[in-house]
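Reading through the structure tokens given below for one structure.
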Amino acid sequence: MQLNFKKSGQGKPLIILHGLFGSADNWMGIAKNLEEDYTLYLVDQRNHGDSPHSEEWNYEAMAEDLRELLDAEGLESVYLLGHSMGGKTAMKMALMYPKRVKKLVVADIAPRAYPVHHQTILKALNAVDPEKLKSRKEAEDILAQYIAERGIRQFLLKNLTRSEGGFAWKINLPVITQQIENVGEAIDSEKPFENPVLFMGGANSDYIQEKDKADIERIFPENHLVYIKNAGHWLHAEQPDAVVATLKAFLDA
């Protein structure tokens, strides 16, 4: 699958993958602070952003999408960063094609399986009929019946785009709804990834826990685990300066 991406900067190639319900734009602020030393590829994963939709939606397929992108861009090996769902795609890519990944950065996710916990968001999104909307405000009012946090509503509404005569979701909402369990699947391999890996967690997040360290050590033995202070799951939005500094220290080492 030919993914949509935004390319900027100069230097060593760094690919950045967003999380569930996200898009390439989510990491734009971080990318702007890395453009002097890296060629940034901000990618829309399948069924997200401006990339194609597909009935097949799992980490193996998303890793293959990434390999196709590297092949199309003539990139033999890259630095690879993924957040949340994107972090699992990045781990899968590194394990499937270890020679294509120089260094791996996994933002606030561990290799283990996670229980599905997006039901409320999916209910909210499916309550919106974009073809009948007259305004974005109308969509937000519907989401507000399910989601109290305005920041989350605004994040989700980035997926709403103008279409002929109204609006449409950029995300493939039916497939994401039907296959949401795939997002929580564990990433595992009998053969470990031997190159350096940075696990970057939010200090206020519970996505990377003490119990995860054994799996991380087994699958990614050359790992570094860093927690970003005063940050939750959205560490790149909450503490961008600390994230940029941590990334540079790891990638430039």
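Residue numbers in the sequence shown follow the numbering used here, run continuously in steps of one, and reach 253 at the last position. Where is the CB? At the ideal position from N, CA and C, for every residue including glycine.
For residue i: DSSP bridge partner residues
| i | result |
| --- | --- |
| Met200 | Ala107 and Val226 |
| Ser163 | Gly166 |
| Thr120 | Thr120 pairs with nothing; no bridge assigned. |
| Thr39 | Gly9 and Pro13 |
Between the CA atoms of residue j and residue i - distance to the nearest angstrom
| i | j | result |
| --- | --- | --- |
| Met28 | Ile147 | 25 Å |
| Val43 | Ile219 | 25 Å |
| Ser135 | Leu157 | 11 Å |
| Gly87 | Gln45 | 12 Å |
| Leu235 | Thr89 | 18 Å |
| His53 | Gly151 | 26 Å |
| Ala63 | Ala107 | 17 Å |
| Arg100 | Lys137 | 44 Å |
| Ala24 | His83 | 11 Å |
Cβ neighbours of residue i in the same chain (closer than 8 Å, five flanking residues each side left out)
| i | result |
| --- | --- |
| Gln145 | Ala124 and Ala127 |
| Pro130 | Ala139, Leu160, Ser163, Gly166, Phe167, Ala168 and Trp169 |
| Trp57 | Arg46, Asn47, Asn172, Val175, Ile176, Gln179 and Asn182 |
| Val244 | Ile30, Asn33 and Leu34 |
Coarse secondary structure for residue i, derived from DSSP in three states
| i | result |
| --- | --- |
| Phe21 | coil |
| His236 | helix |
| Phe155 | helix |
| Leu34 | coil |
| Val175 | helix |
| Pro130 | helix |
| Leu3 | coil |
| Asn182 | helix |
| Ile187 | coil |
| Phe285 | This structure cannot settle anything about residue 285, because the visible part of the chain is limited to 1 through 253. |
Same chain only: Cβ atoms within 7 Å of residue i, ignoring 5 sequence neighbours per side
| i | result |
| --- | --- |
| Ala186 | Pro111, Arg112 and Ala113 |
Sequence-distant residues of the same chain with beta carbon closer than 6 Å to residue i, five excluded per side
| i | result |
| --- | --- |
| Leu225 | Phe199 |
*In the stretch 55 to 109, which residue ranges form an unbroken beta strand (DSSP E) of at least 3 residues, counting only runs that do not cross its ends?*
78 to 83 and 101 to 107
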